[in-house]
Amino acid sequence: MVSRNYRRQINNSLAKQNATLERSESGLRFSKLSDDVAAGSRAMHIQEERYQTNQQLENVKDLLAEQKSIDSNLSSMHSILQTIQERVLTGMSEDWGDTAREVIAKEIGEKREQLLQFANAQFGGHTLFGGTNNSTPPFTVSDEGKLLFNGIEVEGIWKDTSDGKYYYNKPVVDEKLGTQYSIAGQPAVAGSFFSKDGETFTDATRAVAFKTNGNGGYDTITVNGNQYTNDGNGNYQDNTGATVYTSTDGLNFTDVGGNTVSFSAPRMETTAEVVPNSGDTFADIGLGLKISGDQRADPRTAYQVSFSGLTIMGNAGDDNFNLNPIIGANGTQVSGNLYDLLGQIQEALSEPMDKKALDDMYTQLVALTDDVGMVRTDLGNRMEYLQLTQTRLEDDITNMTALETDLISSDPAEEAIKMKECEYVWLALMQLGSKVLPASLLDFMH
677 MVSRNYRRQI
687 NNSLAKQNAT
697 LERSESGLRF
707 SKLSDDVAAG
717 SRAMHIQEER
727 YQTNQQLENV
737 KDLLAEQKSI
747 DSNLSSMHSI
757 LQTIQERVLT
767 GMSEDWGDTA
777 REVIAKEIGE
787 KREQLLQFAN
797 AQFGGHTLFG
807 GTNNSTPPFT
817 VSDEGKLLFN
827 GIEVEGIWKD
837 TSDGKYYYNK
847 PVVDEKLGTQ
857 YSIAGQPAVA
867 GSFFSKDGET
877 FTDATRAVAF
887 KTNGNGGYDT
897 ITVNGNQYTN
907 DGNGNYQDNT
917 GATVYTSTDG
927 LNFTDVGGNT
937 VSFSAPRMET
947 TAEVVPNSGD
957 TFADIGLGLK
967 ISGDQRADPR
977 TAYQVSFSGL
987 TIMGNAGDDN
997 FNLNPIIGAN
1007 GTQVSGNLYD
1017 LLGQIQEALS
1027 EPMDKKALDD
1037 MYTQLVALTD
1047 DVGMVRTDLG
1057 NRMEYLQLTQ
1067 TRLEDDITNM
1077 TALETDLISS
1087 DPAEEAIKMK
1097 ECEYVWLALM
1107 QLGSKVLPAS
1117 LLDFMH
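First residue of the sequence shown? That's 677 in my numbering, and the numbers climb one at a time after it.
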């Protein structure tokens, strides 16, 4: 009985000593989750949270690098625009002749192309100002020399301030009949009209209803179901060759009784469509990312990564569904985007100078340059926010690591004391054994 109890005490002492030695060598309070379920479960949760925070921190670092590239490009664009302003003012001076203005116009044309290159800049394999377009340059130029964004003419793009999206007026097209137009007139013209060439307009039965004359009017009209065709001299005849109407402008028609029928020029029917790849992209930086029902990130829970090139290069304006032109103080129609505007300035300098027109163009140039400056200011605020976020995430990781250490790591000083305790217990057991076991063994042998 005494021997059995003694052996149990020795085994317990050895087990405690081995456990203490294992904790000292591994640095862990326990090796199995079952040893401390509460601490182990909490440590696993902290490890998962720290992993996510590390991912968010890497996102922030990548975003900061990208934002620095954006800032560099915007700085270059702003510098180019300021130089162009100086050149325009020089060209507007009466002290300069046509030859000097030709040189200035050529320089502006070169800087115009430089702006386009910066607007198509890339970083890390994707475009900086292309919205969600990461495969092709977002800004191109049409055959007519007009700026395009993802294939849509920028002068036809407007922003809806109610939802923050960019739209263009997409023509309504029937696959068989062509593009849909409306033509207002008296008496009322029933139904819609369609055209494949923008010159001949038919109704749904494909009967010719109107045909333009190339001067803003019509060579063929339909009144009360009857068609009348211009003989080339402003006399509109029926199918028998009799003159029924006369017209000088192809829009207002008078019969022999003095009655007038008027029609408007054809107006293309359109529907507002979101510009392709003009949406925003977001990144998770630890704000509790949430995805809405349309699979888009909630802007309040994520960081907006993208910068729209339409904000930087300009567009047709906010809530401008009708695409009303921008008219300067001197009555000049000026473009709403930098590329087309610089083209206007280049032409104005190349021709006999129209100072009033150049004045309006210069005013618009200053306004668009200021917009680029505002974008840079916004970018600076966002970069500062990212830097603060980086600091916060790094602090969170440090705190979580410390908490995890407290939960699963052993205390070297405490384990050293426990080891000494185990040694003292072991020595005490050995001394006890030397007094108890020999006598017991001799009694057993006898």
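Even glycine gets a Cβ: it sits at the ideal position worked out from N, Cα and C.
Exercise. Measure the beta-carbon distance from residue 835 to residue 1016 and round it to whole angstroms, keeping in mind my assumption that it falls under 8 Å.
Key: Translated into positions along the sequence shown, residue 835 becomes position 159. Translated into positions along the sequence shown, residue 1016 becomes position 340. About 17 Å separates the two Cβ atoms, so there is no contact after all.
Practice problem: Kindly indicate the opening and closing residues of the beta strand (DSSP E) around residue 1016. | Solution: Reading the sequence shown from its first residue, position 340 is the one you call residue 1016. Segment 1014 to 1026 is the alpha helix (DSSP H) holding residue 1016; no beta strand (DSSP E) there.
Quiz item: Quick one: Cα of residue 1005 to Cα of residue 1036, how far?
Solution: Stepping through the sequence shown from its first residue, residue 1005 is reached at position 329. Stepping through the sequence shown from its first residue, residue 1036 is reached at position 360. C-alpha separation (whole angstroms): 6 Å.
Exercise. Could you pull the start and end residues of the alpha helix (DSSP H) that residue 948 belongs to?
Key: The residue given as residue 948 occupies position 272 in the sequence shown. Secondary structure note for residue 948: it is in no alpha helix (DSSP H), and the uninterrupted beta strand (DSSP E) holding it is 946 to 950.
Quiz item: Using the rule of at least 16 other Cβ atoms within 10 Å of the residue's Cβ for burial, across every protein chain shown, is residue 786 buried or exposed?
Solution: Counted from its first residue, the sequence shown places residue 786 at position 110. By the neighbour-count rule (16 or more Cβ atoms within 10 Å), residue 786 is not buried but exposed.
Exercise. Report buried or exposed for residue 814, applying the criterion of at least 16 other Cβ atoms within 10 angstroms of its Cβ.
Key: As a working note, residue 814 is residue 138 in the sequence shown. With 16 or more Cβ atoms within 10 Å of its Cβ, residue 814 is classed as buried.
Quiz prompt | Run of the beta strand (DSSP E) containing residue 854, from where it starts to where it stops | solution = Here residue 854 corresponds to residue number 178 of the sequence shown, with the count starting at 1. From DSSP, the beta strand (DSSP E) with residue 854 extends over 854 to 858.
Self-check item: residue 823, enclosing beta strand (DSSP E) - first and last residue
Solution: Mapped onto the sequence shown, residue 823 falls at position 147. Residue 823 -> beta strand (DSSP E) spans 823 to 825.
Quiz prompt | C-beta atoms of residue 958 and residue 980 nearer than 8 Å | solution = Along the sequence shown, read from residue 1 onward, the residue named residue 958 stands at position 282. Along the sequence shown, read from residue 1 onward, the residue named residue 980 stands at position 304. In this structure, residue 980 lies closer than 8 Å to residue 958 by Cβ.
Quiz item: What distance in whole Å lies between the Cβ atoms of residue 750 and residue 1051, which are believed to be in contact at a cut-off of 8 Å?
Solution: The sequence position of residue 1051 within the sequence shown is 375, counting from 1. The sequence position of residue 750 within the sequence shown is 74, counting from 1. At roughly 6 Å, the Cβ-Cβ gap stays under 8 Å, so residue 1051 and residue 750 are in contact.
Quiz item: With distances taken between CB atoms, is the gap from residue 1055 to residue 731 smaller than 8 Å?
Solution: Residue mapping note: residue 1055 aligns to position 379 of the sequence shown, counting from 1. Residue mapping note: residue 731 aligns to position 55 of the sequence shown, counting from 1. Cβ atoms of residue 1055 and residue 731: not closer than 8 Å.
Quiz prompt | Secondary structure of residue 932, DSSP reduced to three states | solution = Within the sequence shown, the letter at position 256 stands for residue 932. Residue 932 falls in the coil class under three-state DSSP.
Practice problem: Mind checking which residues open and close the alpha helix (DSSP H) that includes residue 797? | Solution: The residue you call residue 797 lines up with position 121 of the sequence shown. Run containing residue 797: none; DSSP gives neither H nor E here.
Exercise. Measure from the alpha carbon of residue 757 to the alpha carbon of each residue in 727, 792, 776 and 746, then state which is nearest.
Key: Taking the sequence shown and counting its residues from 1, the one referred to as residue 757 is at position 81. For residue 757, the nearest C-alpha among the options comes from 792.
Exercise. Taking only the alpha-carbon atoms, compute the straight-line gap between residue 1020 and residue 790 and give it to the nearest angstrom.
Key: For the purposes of this step, residue 1020 is identified with residue 344 of the sequence shown, where counting begins at 1. For the purposes of this step, residue 790 is identified with residue 114 of the sequence shown, where counting begins at 1. Looking at the two C-alpha atoms, the distance is approximately 17 Å.
Quiz item: By DSSP, does residue 864 sit in helix, in strand, or in coil?
Solution: Here residue 864 refers to the residue found at position 188 of the sequence shown. Note that residue 864 has pLDDT 49, beneath the 50 cutoff, so the model's placement of it is unreliable and the number below is only indicative. Residue 864 sits in coil when the DSSP states are folded into three classes, being neither helix nor strand.
Quiz item: Would the beta-carbon of residue 735 fall within 8 Å of that of residue 960?
Solution: Along the sequence shown, one-based indexing puts residue 735 at 59. Along the sequence shown, one-based indexing puts residue 960 at 284. The answer is yes: Cβ separation under 8 Å.
Quiz prompt | Closer than 7 Å: residue 1079 CB and nearest the ligand ZN heavy atom | solution = Only the bare structure without any ligand can be found here, which leaves the ligand ZN out of the picture.
Quiz item: residue 988 lies in the alpha helix (DSSP H); which residues open and close that run?
Solution: Numbered from its first residue, the sequence shown carries residue 988 at position 312. Note, residue 988: alpha helix (DSSP H), 985 to 989.
Quiz item: Does the separation of the CB atoms of residue 945 and residue 857 fall below 8 Å?
Solution: Within the sequence shown, the letter at position 269 stands for residue 945. Within the sequence shown, the letter at position 181 stands for residue 857. For residue 945 and residue 857, yes; Cβs fall inside 8 Å.
Exercise. Report yes or no: do three or more beta-carbon pairs, one from the stretch 926 to 945 and one from the stretch 891 to 906, lie closer than 8 Å?
Key: Yes, since at least three Cβ pairs between the stretch 926 to 945 and the stretch 891 to 906 fall closer than 8 Å, the two stretches touch.
Self-check item: Sub-8 Å separation of residue 1007 and residue 939 beta-carbons
Solution: Position 331 of the sequence shown, counted from the start, is the residue given in the question as residue 1007. Position 263 of the sequence shown, counted from the start, is the residue given in the question as residue 939. Taking 8 Å as the Cβ cut-off, residue 1007 and residue 939 do not qualify as a contacting pair.
Practice problem: Find the nearest neighbour of residue 855 within the set 840, 837 and 875, judged by alpha-carbon distance. | Solution: To locate residue 855, count along the sequence shown from 1; it is residue 179. Checking every option, the nearest Cα to that of residue 855 belongs to 875.
Quiz prompt | residue 1080 classed as buried or exposed, judged by whether at least 16 other C-beta atoms fall within 10 angstroms | solution = Numbered from 1 along the sequence shown, position 404 holds the residue referred to as residue 1080. Under this definition residue 1080 is a buried residue.
Quiz item: Which of helix, strand or coil does DSSP assign to residue 811?
Solution: Here residue 811 is taken as the residue at index 135 of the sequence shown, counted from 1. Three-state DSSP puts residue 811 in coil, outside helix and strand.
Exercise. Return the residue from the list 984, 983, 967 and 991 that minimises the CA-CA distance to residue 976.
Key: Along the sequence shown, one-based indexing puts residue 976 at 300. Between residue 976 and the set 984, 983, 967 and 991, the nearest pair of CA atoms involves 967.
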